[in-house]
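Enquirer:
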Amino acid sequence: MNITHSQTLVEIITDTQNNKKITVGPSVELNYLVVLHDDAHMDIIIDGEENSSLHLKVLCIGQQGHSIHSNIVTSLIGNHAQANVTILSLLKDGSDLNVHGSIILAPDVVKVSGHLSEENLILGEKVKIRTAPILDVRSSDVSASHGCKIERLDPKRLFYMQSRGLSQNESQSLILDGYLHSLFEGFEGQEKVIQDIKELVHS
């Protein structure tokens, strides 16, 4: 898929699909939100050409008895290209996640910027998770960073909210909505599909 004009895309993937290959053309901005759910197995490969700007948000919703597998590879191949990649995984009890994000800054490119953030929120006891963010820098005139967190909901925050009269489920739902609000920034105008995504998270 060649993206030749700036646009916003939202996709929900629930099963095994062919790998998705996207090229973001020169001076094009792409806001791309992908939701991986149920038994989603799909690799996402994106190339950013000169002066392109990519904002990629990936939400993985791990469900009991289901597995999600994906390699998410972003290559900046043109000068002044930018990519910000955020991967948020919500792992419910009995879920299995194997997701790897990587950003490649190609040789001889200049003034490129690539940033990768992975956050994994464990919501159950029996969870399998395999993840390894990779930053492959092959040029010197670049700005790049990557990071990964694996955490549970803050028990002190849950206790405080329950002390204010909320149930445990209500408290957890409000905290998750905070994560989603941050993830959905930049996707205004997509309220219907975002509501569908929230229902998947809270189901």
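Per my numbering, residue 98 is the first one in the sequence shown, and the count goes up by one each step. Idealized CB from N, CA, C, for every residue including glycine. Please read all numbers here as calculations on a predicted model, not as lab measurements.
Just confirm the distance between the C-beta atoms of V132 and I110, as a whole number of angstroms; I'd bet it's less than 8 Å.
Expert: Start at 1 with the first residue of the sequence shown, and residue 132 comes out as number 35. Start at 1 with the first residue of the sequence shown, and residue 110 comes out as number 13. The Cβ separation is near 7 Å, so the contact holds.
Enquirer: Tell me the start and end of each unbroken beta strand (DSSP E) in the stretch 160-238 that is at least 3 residues and wholly inside, in chain order.
Expert: 164-173, 179-188, 193-202, 209-219, 225-227, 231-234
Enquirer: Kindly provide the ranges of any beta strand (DSSP E) runs that are 3 or more residues long and lie completely inside the stretch 235-281, ordered along the chain.
Expert: Runs of the beta strand (DSSP E) lying entirely within the stretch 235-281, each at least 3 residues long, are 239-249 in chain order.
Enquirer: Measure from the alpha carbon of H197 to the alpha carbon of each residue in L185, D190, G191, V207, then state which is nearest.
Expert: In the sequence shown, the residue the question calls residue 197 occupies position 100. When only C-alpha atoms are compared, the closest one is L185.
Enquirer: Do V170 and G145 have their C-beta atoms closer together than 9 Å?
Expert: Residue 170 sits at position 73 when you count from the first residue of the sequence shown. Residue 145 sits at position 48 when you count from the first residue of the sequence shown. No, they are not a contact pair.
Enquirer: Give a yes or no on contact between the stretch 205-223 and the stretch 179-195, applying the rule of three or more CB pairs nearer than 8 Å.
Expert: Yes, since at least three Cβ pairs between the stretch 205-223 and the stretch 179-195 fall closer than 8 Å, the two stretches touch.
Enquirer: Taking the beta carbon of N266 as the centre, do at least 16 other beta carbons fall within 10 Å, making it buried, or is it exposed?
Expert: Mapped onto the sequence shown, residue 266 falls at position 169. Label assigned to N266: exposed.
Enquirer: Are R235 and I201 closer than 9 Å when you measure CB to CB?
Expert: Residue numbering aside, residue 235 sits at position 138 when the sequence shown is read from its first letter. Residue numbering aside, residue 201 sits at position 104 when the sequence shown is read from its first letter. Cβ distance < 9 Å, so R235 and I201 count as in contact.
Enquirer: Report all residues from its chain with a CB closer than 6 Å to the CB of Q287; omit the five preceding and five following residues, and keep chain order.
Expert: Within the sequence shown, residue 287 is the residue found at index 190, counting from 1. Correct list, in chain order: V107.
Enquirer: With a threshold of 8 Å, are at least 3 pairs of Cβ atoms found where one atom belongs to the stretch 149-169 and the other to the stretch 133-141?
Expert: yes
Enquirer: Can you tell me the Cα-Cα spacing of N176 and V239, whole angstroms?
Expert: Residue mapping note: residue 176 aligns to position 79 of the sequence shown, counting from 1. Residue mapping note: residue 239 aligns to position 142 of the sequence shown, counting from 1. Those two C-alpha atoms are separated by around 10 Å.
Enquirer: Do you know how far the Cα of Y257 is from the Cα of S150?
Expert: Within the sequence shown, numbered from 1, the residue matching residue 150 stands at position 53. Within the sequence shown, numbered from 1, the residue matching residue 257 stands at position 160. So the alpha carbons of these two residues sit roughly 40 Å apart.
Enquirer: State the Cα-Cα distance for the pair K295 and E285, rounded to the nearest angstrom.
Expert: Indexing the sequence shown from 1 puts residue 295 at position 198. Indexing the sequence shown from 1 puts residue 285 at position 188. About 15 Å.
Enquirer: Out of I100, L194, K117, K223, state which residue places its alpha-carbon closest to the alpha-carbon of A229.
Expert: For this step, residue 229 is matched to residue 132 along the sequence shown. The option with the nearest alpha carbon to A229 is L194.
Enquirer: On the CB-based measure, 16 or more other CB atoms within 10 Å of its CB, does G159 come out buried or exposed?
Expert: On the sequence shown, position 62 is the one that residue 159 refers to. With 16 or more other Cβ atoms within 10 Å, it is buried.
Enquirer: Candidates S172, S260, I143, K289: which alpha carbon is nearest V206's?
Expert: Counting from one through the sequence shown, the residue named residue 206 turns up at place 109. Closest option to V206, Cα to Cα, is S172.
Enquirer: By how many angstroms is the C-alpha of L153 removed from the C-alpha of L128?
Expert: Here the question's residue 128 lines up with position 31 in the sequence shown. Here the question's residue 153 lines up with position 56 in the sequence shown. In the sequence under discussion, the amino acid at residue 128 is Asn, which differs from the Leu named in the question. N128 and L153: Cα-Cα distance of roughly 6 Å.
Enquirer: So for D140, helix, strand or coil by DSSP?
Expert: Here residue 140 refers to the residue found at position 43 of the sequence shown. In this structure, D140 counts as coil in the three-state DSSP scheme.
Enquirer: So what does DSSP say about V132, is it helix, strand or coil?
Expert: Position 35 of the sequence shown, counted from the first residue, corresponds to residue 132. Three-state result, V132: strand.
Enquirer: How close, in whole Å, do the beta carbons of K52 and M98 come, if the pair is a contact with beta carbons under 8 Å?
Expert: For the chain, the structure presents residues 98 to 300; residue 52 sits outside this window and is missing.
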